[in-house]
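Just so it is clear: in the sequence shown, position 256 is 1503 by my numbering, and no numbers are missing.
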Amino acid sequence: MEMGSVTVQDTFVTPTWTSVAFLEPFGTRPVVMALPTTDGGDPATLRIRNVTTTGFQILQVEPNANDGPHVAMPTAYLAIEPGNHVLPGGARIVALERSTTSFANRFISTSWDTVAFPATFAGTPAVVAQIQTMANESQSPPTTSSVPFMDVGVRNVNAGSMQMTLERAESVAGSVTVSERVGIVAIENATNLSFTDAFSNSVQLQSLLTPANIRGYGDGCFTNSYAATFASTPLAVATTNSRSGNNGGWLRRCSQSAATLGLTVDEDIDNDSERNHIGEVAGIIAASTAFHANFDVDLLVSKNVSTLSDPFNSGTNPKAIPNADVEYVIGVSNRGSASPDNDTVAIRDDIPSTLRLCVVATCYTGGPIVFDDSGSPVATGVTLGSVEYSNNGGASFSYTPSPDPDGFDDAVNAVRVTLDGVLTSIAPAGAPSFELRLAARVN
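1) DSSP three-state label for Ala1608, please.
2) For Ala1506, tell me which candidate among Asn1551, Leu1455, Leu1546 and Val1544 has the shortest Cα-Cα distance.
3) Under 7 Å Cβ to Cβ from Asp1289, same chain only, skipping five residues before and after it: list those, please.
4) Rounded C-beta distance between Glu1249 and Phe1538? I'm assuming under 8 Å.
5) Excluding the 5 residues flanking Arg1490 on each side, which residues of the same chain have their C-beta closer than 6 Å to its C-beta?
6) Taking buried to mean at least 16 other C-beta atoms within 10 Å of its own C-beta, is Thr1261 buried or exposed?
7) I believe Ser1586 touches Thr1671 by the beta-carbon criterion, under 8 Å. Please report the beta-carbon distance rounded to the nearest angstrom.
8) Let me know the secondary structure DSSP gives Lys1550 once reduced to three states.
9) Three or more beta-carbon pairs under 8 Å between the segment 1370-1382 and the segment 1404-1415, yes or no?
10) Straight-line CA distance for Asp1517 to Val1423?
11) Taking Cβ positions, are Gly1614 and Thr1665 nearer each other than 8 Å?
12) Tell me which residue opens and which closes the beta strand (DSSP E) that Gln1453 is part of.
13) Pick out the complete beta strand (DSSP E) segments inside the segment 1305-1368, 3 residues or longer, and give them in chain order.
14) In chain order, what residues of the same chain lie with their CB nearer than 7 Å to the CB of Asp1667, ignoring the 5 residues before and after it?
15) For Glu1574, which of helix, strand or coil comes out of DSSP?
16) Where does Asn1589 sit, in a helix, a strand or coil, going by DSSP?
17) Report the start-end ranges of each beta strand (DSSP E) in the segment 1614-1649 that is 3 residues or longer and not cut off at the edges.
18) Between the segment 1544-1560 and the segment 1521-1534, are three or more C-beta pairs nearer than 8 Å?
19) Would you give the residue range spanned by the beta strand (DSSP E) that Asp1667 belongs to?
20) In the DSSP assignment, what are the bridge partners of Trp1497?
21) For a quick check, are the C-beta atoms of Ala1459 and Gly1526 less than 8 Å apart?
22) Between the segment 1642-1659 and the segment 1678-1685, can you find at least three pairs of beta-carbon atoms closer than 8 Å?
23) Is it the case that the Cβ atoms of Met1411 and Ala1376 are separated by a distance below 8 Å?
24) Helix, strand or coil for Val1419 per DSSP?
25) Check the DSSP bridge columns for Val1267 and list the partner residues they point to.
26) If Pro1565 and Val1689 are in contact, beta carbons under 8 Å, what's the gap, nearest whole angstrom?
27) For the beta strand (DSSP E) that Glu1435 lies in, which residues bound it at each end?
28) DSSP on Thr1292, reduced to helix/strand/coil?
29) Just reading off the beta strand (DSSP E) that Phe1442 is part of, what are its end residues?
30) Check the C-beta distance from Gln1379 over to Ile1305 and give it rounded, since I have them as a contact under 8 Å.
In structure tokens, the structure reads:
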């Protein structure tokens, strides 16, 4: 995932597309989002093309009634690989592509595609969307207007799905005969988290689903506050998440600060000159700084064994001889910038046939399995959950231990520990870590 800043060049001066190189290459072609601004008085939006793993091209385009060239737009972009991702702290973000010929136009027709999210959210997410191609373009922007003029319309967003269309507003010139590829990003609403990116920078990321209070370009600029004020003006992308006005329209950024983002719904003037609009909902994603982050779980696992005591030396320089007690310490740390899903961290350890495992608390202080995260530099977010035993080499974990008088069971040949909670990701203070300790007796 990456966010960055870009100034889309003044096409009165340089009538070409602006090329953008990603801060770091992606492994898979990402989807790219950008937010047009109100720089320049003519109606305009931003279009994307030629997205690769290393960059993309971006251009401000105007509807048919306008001439085409437009002043520079300093803005932000978001790029993320398609998939179902878990962010640091456990928040979910999904990215996908959908090809469509469905469009909405006041004077022609309106049709919508229903898009199911690859994973259901806990509540209604915030959505941003962007056309990734120029498949139906019949003119030569930026020296001309864009025909057919299009953005993305989004509505009926819920926890499991949304509807999308190619937003043509009131601009009737041109036609849609082949599919355009649309990128969609949905993130849990009210996300407010921090993480360390690939360059070791600390990044704050927030999402926001606004009330239906964003009105038209002709009505003014409408601000909404972030849940937490950033240290400085963030990078932000946004898309309408409703289509209450039958004229259609698209978002443009009209103000920004560390605390608020100002948006307005613009309309074309192809059939009338008014650019007023009723209130719409917006989905917003904002980051404190440019970043590139690989949201992957990266678990480092270690295992050490030590002898606690033996029948002859007790605890003084003990040896691993028959009937000696040994301790296994399994260390786990998450050095990745993402968290695994809730309640999914499970550690399995196979028990050698030369040992019998301690299966009750009487044979190991705090046991039989001890979870310890007291040495972690940051909160781990997990606690000891279930402990399961196997007597068939791990083919199943349904065995109920039968301890001997000392609390050991030589029939156990594998143990599985599942943790409760979401293991946190690496933070500026360090990687979350914990230890699992268990004891056994040498046969």
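Backbone N, C-alpha and C define an ideal beta-carbon position, used for all residues, glycine too.
Well, looking at it:
1) Numbered from 1 along the sequence shown, position 361 holds the residue referred to as residue 1608. Three-state DSSP puts Ala1608 in a helix.
2) Locating residue 1506 in the sequence shown gives position 259, where the first residue counts as 1. Nearest of Asn1551, Leu1455, Leu1546 and Val1544 to Ala1506, Cα basis: Leu1455.
3) Position 42 of the sequence shown holds residue 1289. Within the same chain, Asp1289 has close Cβ partners Glu1309, Asn1313 and His1317.
4) Locating residue 1249 in the sequence shown gives position 2, where the first residue counts as 1. Locating residue 1538 in the sequence shown gives position 291, where the first residue counts as 1. About 7 Å separates the two Cβ atoms, so the contact holds.
5) Taking the first residue of the sequence shown as 1, we reach residue 1490 at position 243. Gly1400 and Arg1402, listed in sequence order.
6) One-based indexing of the sequence shown puts residue 1261 at position 14. Counting Cβ neighbours within 10 Å, Thr1261 comes out exposed, since fewer than 16 surround it.
7) As a position in the sequence shown, residue 1586 is number 339, starting the count at 1. As a position in the sequence shown, residue 1671 is number 424, starting the count at 1. Indeed they touch by this definition, with Cβ atoms about 6 Å apart.
8) For the purposes of this step, residue 1550 is taken as residue 303 along the sequence shown, with counting starting at 1. Strand, per DSSP.
9) Cβ pair count under 8 Å is three or more, so yes.
10) Here residue 1517 refers to the residue found at position 270 of the sequence shown. Here residue 1423 refers to the residue found at position 176 of the sequence shown. Counting only the Cα atoms, Val1423 lies some 18 Å from Asp1517.
11) If you number the sequence shown from 1, residue 1614 lands on position 367. If you number the sequence shown from 1, residue 1665 lands on position 418. No, they are not a contact pair.
12) To locate residue 1453, count along the sequence shown from 1; it is residue 206. According to the DSSP assignment, Gln1453 belongs to the beta strand (DSSP E) that extends over Ser1449 to Leu1456.
13) List check, beta strand (DSSP E) in window: 1320-1327, 1330-1333, 1339-1347, 1350-1352 and 1360-1363.
14) By one-based count along the sequence shown, residue 1667 stands at place 420. The residues Asp1590, Val1629, Thr1630 and Gly1632, in chain order, have a CB closer than 7 Å to that of Asp1667 in the same chain once the five nearest residues on each side in sequence are set aside.
15) One-based indexing of the sequence shown puts residue 1574 at position 327. It is a strand residue.
16) To locate residue 1589, count along the sequence shown from 1; it is residue 342. Asn1589 falls in the coil class under three-state DSSP.
17) Fully enclosed beta strand (DSSP E) runs of 3 or longer: 1616-1619 and 1629-1637.
18) The answer is no - the segment 1521-1534 does not touch the segment 1544-1560, with fewer than three Cβ pairs under 8 Å.
19) On the sequence shown, residue 1667 is found 420 positions in, with the first residue counted as 1. Asp1667 -> beta strand (DSSP E) spans Ala1661 to Gly1668.
20) Residue numbering aside, residue 1497 sits at position 250 when the sequence shown is read from its first letter. According to DSSP, which records beta bridges pairwise, Trp1497 is partnered with Asp1513.
21) Reading the sequence shown from its first residue, position 212 is the one you call residue 1459. Reading the sequence shown from its first residue, position 279 is the one you call residue 1526. With contacts defined as CB atoms closer than 8 Å, Ala1459 and Gly1526 qualify as a contacting pair.
22) Touching, no, given that fewer than three Cβ pairs across the two stretches are closer than 8 Å.
23) Taking the first residue of the sequence shown as position 1, residue 1411 is located at position 164. Taking the first residue of the sequence shown as position 1, residue 1376 is located at position 129. Taking a C-beta distance under 8 Å as the contact criterion, Met1411 and Ala1376 qualify as a contact pair.
24) Translated into the one-based positions of the sequence shown, residue 1419 becomes position 172. Val1419 falls in the coil class under three-state DSSP.
25) Looking up residue 1267 in the sequence shown gives position 20. According to DSSP, Val1267 bridges with Phe1303.
26) Stepping through the sequence shown from its first residue, residue 1565 is reached at position 318. Stepping through the sequence shown from its first residue, residue 1689 is reached at position 442. About 11 Å separates the beta carbon of Pro1565 from that of Val1689, a gap too long to meet the 8 Å contact definition.
27) Reading the sequence shown from its first residue, position 188 is the one you call residue 1435. Judged by DSSP secondary structure, Glu1435 falls outside any beta strand (DSSP E); it is assigned neither H nor E.
28) Here residue 1292 refers to the residue found at position 45 when the sequence shown is read from its first residue. It is a strand residue.
29) On the sequence shown, position 195 is the one that residue 1442 refers to. In the DSSP annotation of this structure, the continuous segment of the beta strand (DSSP E) that includes Phe1442 starts and ends at Asn1439 to Thr1443.
30) For the purposes of this step, residue 1379 is taken as the residue at position 132 of the sequence shown. For the purposes of this step, residue 1305 is taken as the residue at position 58 of the sequence shown. Not quite, the Cβ-Cβ distance comes to about 11 Å (not below 8 Å), so this is no contact.
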